[in-house]
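Step one of this worksheet: look at the structure below.
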Amino acid sequence: MTDGDARIAALFEAQSPRGLARAISRAEAGRGAALMHRFFERTGRAATIGLTGPPGVGKSTLCSGLIGIARARGKTVGVVSVDPSSPFSHGAILGDRIRLSEHFTDRDVFIRSMASRGHLGGLAGATGDAVALMDAFGLDVVIVETVGVGQSEIEIAELADTTLVALQPGSGDSVQLLKAGILEVADVFVVNKADHPMALQLQREIRGMMEMLDFSGWVPELVATQARDNVGIDRLWDAIGRHEIYLRESGELARKRRSAFAHRVRALVMGRLEARVSSRVAALAQQGGDPYAAAETIAEPLERVLPDATPMAPQAAFVTASVKGL
Ligand SMILES: Nc1nc2c(ncn2[C@@H]2O[C@H](COP(=O)(O)OP(=O)(O)OP(=O)(O)O)[C@@H](O)[C@H]2O)c(=O)[nH]1
Ligand SMILES: [Mg+2]
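When the sequence shown is numbered by our numbering, its final residue is 332 and no position is left out of the sequence of numbers.
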């Protein structure tokens with residue numbers, strides 16, 4: 007641990023928000039390994055909530071409402087607001103400044119905006135570390151807000167205990183939902199802007215789509231809200247609570263956390279290998295030749311030092327043998 011890390015760790019230990027902020031910055035810069043190592047064993051206590059949906063659906067407004075309820079119940083809250091579109095777009099961040107402003111002066115609410123592109127491991131990387139650090143810091147509830155753009159919903163579901171997918175009426179959201187395949191990742195659907203005349207129509211469409219799927223275990227709930235007027239947020243909070251209880255009682259929470267762990271380790275390893283593999287590929291591309299031979303040059307030594315971790319099951323060995331005609 008460097009002197010810089012040690013200073014941050016001391017601030018973090020002393021429950022200074024600056025310590026948390028600087029630890030997250032460290033992680034964002036790809037230099038968070040020592041701090042993560044130090045604090046990881048404290049993680050696993052926070053209830054983590056992913057909040058995703060198209061631009062302008064009301065995610066930040068919903069988030070503000072959820073913070074309000076959590077604080078009323080005496081819980082401390084962390085928010086990670088991710089803009090996956092571009093490291094240079096400050097649109098969403100500006101929105102947060104306005105929408106979450108009433109909570110900025112609350113010492114028990116820690117809000118952090120970050121751009122995810124360009125970070126090792128994308129959303130899962132920098133955001134995952136921020137969530138883990140907030141959790142380790144002792145915040146009770148950690149909310150991750152991110153605009154739904156394809157891959158990010160899937161990654162947020164991987165990261166959070168409970169995933170909220172927010173949609174708005176009159177925007178063709180339900181069709182988009184089917185296309186993007188995010189129906190499967192939602193634990194709770196939020197139809198926000200329920201004051202809109204098409205709100206009931208959207209709720210019917212979502213229910214219709216859910217009938218086409220087979221759910222084993224948790225069946226996603228659907229909650230209508232008017233976040234701007236703080237209507238329905240209590241019902242949303244209760245739905246999140248029911249999902250948390252389900253996760254604990256079914257054993258799904260432990261499974262989810264193992265899967266998140268695997269996802270994270272995989273992203274870290276792949277991230278580190280990626281740079282090396284790419285530079286080798288670039289060198290080989292100069293030489294030409296056939297791609298299979300080039301790939302063999304890179305992959306074969308890796309495979310030798312990284313043998314398959316699972317010994318081949320007898321069944322599989324038999325199949326391989328018969329395929330070979332033995
Ligand atoms: N009519 C109506 N407008 C709402 C409601 N909730 C939020 N809005 C408005 O919708 C706009 C967008 O809200 P945000 O909370 O910034 O939405 P967002 O999803 O966080 O937006 P991005 O982060 O930019 O993707 C704001 O003008 C809100 O006031 C609602 O229930 N009804
Ligand atoms: Mg927002």
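We put the CB at the ideal spot given by N, CA and C, even for glycine.
Residue i classed as buried or exposed, judged by whether at least 16 other C-beta atoms fall within 10 angstroms
{"i": "T152", "result": "buried"}
{"i": "G10", "result": "exposed"}
{"i": "S66", "result": "buried"}
{"i": "R28", "result": "buried"}
{"i": "S285", "result": "exposed"}
{"i": "F94", "result": "Because the pLDDT of F94 is 46, which lies under 50, any placement of that residue in the model is unreliable, and the number read from its coordinates should be weighed accordingly. Result: exposed."}
{"i": "T8", "result": "exposed"}
{"i": "P313", "result": "exposed"}
{"i": "M120", "result": "buried"}
{"i": "I251", "result": "exposed"}
{"i": "A301", "result": "exposed"}
{"i": "D201", "result": "exposed"}
{"i": "I117", "result": "buried"}
{"i": "R24", "result": "exposed"}
{"i": "S158", "result": "buried"}
{"i": "M218", "result": "exposed"}
Proximity test, residue i beta-carbon vs ligand 1 heavy atom, cut-off 8 Å
{"i": "T54", "result": "no"}
{"i": "D240", "result": "no"}
{"i": "G74", "result": "no"}
{"i": "A192", "result": "no"}
{"i": "A172", "result": "yes"}
{"i": "R28", "result": "no"}
{"i": "G223", "result": "no"}
{"i": "V4", "result": "Within the shown structure, residues of the chain are numbered from 7 to 332, placing residue 4 beyond reach of any answer."}
{"i": "A358", "result": "The question about residue 358 has no answer, for the chain in this structure spans 7 to 332."}
Integer Cβ distance of residue i from residue j, believed to fall under 8 Å
{"i": "I30", "j": "A136", "result": "5 Å"}
{"i": "V150", "j": "T133", "result": "6 Å"}
{"i": "F46", "j": "A138", "result": "7 Å"}
{"i": "G75", "j": "I239", "result": "Just to set this straight, residue 75 is Ile in the shown sequence, not Gly. About 6 Å separates the two Cβ atoms, so the contact holds."}
Residue i: CB within 8 Å of a non-hydrogen atom of ligand 2
{"i": "R105", "result": "yes"}
{"i": "S177", "result": "no"}
{"i": "E255", "result": "no"}
{"i": "E151", "result": "yes"}
{"i": "K199", "result": "no"}
{"i": "S66", "result": "yes"}
{"i": "S158", "result": "no"}
{"i": "S87", "result": "yes"}
Among the options, the one whose alpha carbon lies nearest that of residue i
{"i": "P60", "options": "R32, F267, S180, L228", "result": "S180"}
{"i": "M204", "options": "E190, S177, G295", "result": "S177"}
{"i": "P307", "options": "Q293, V283, G295", "result": "V283"}
{"i": "H249", "options": "E161, W224, R44, A266", "result": "W224"}
{"i": "L208", "options": "V191, L183, E190", "result": "L183"}
Residue i: CB within 8 Å of a non-hydrogen atom of ligand 4
{"i": "S284", "result": "Absence of ligand 4 is noted for the structure shown, with ligand 1 and ligand 2 being the only ligands found."}
Would you check if the region 162-177 and the region 51-60 touch, i.e. whether three or more CB-CB distances between them fall below 8 Å? yes
Does the region 171-179 come into contact with the region 132-150, if we say contact requires no fewer than three beta-carbon pairs (one atom in each stretch) closer than 8 Å? no
When the Cβ atoms of the region 178-197 are set against those of the region 242-256, are three or more pairs found closer than 8 Å? Contact between the region 178-197 and the region 242-256 is present, because at least three Cβ pairs lie under 8 Å.
With a threshold of 8 Å, are at least 3 pairs of Cβ atoms found where one atom belongs to the region 67-75 and the other to the region 31-41? The region 67-75 is not in contact with the region 31-41.
Answer yes if the region 206-214 comes into contact with the region 228-244, meaning at least three C-beta pairs across the two stretches below 8 Å, and no otherwise. yes
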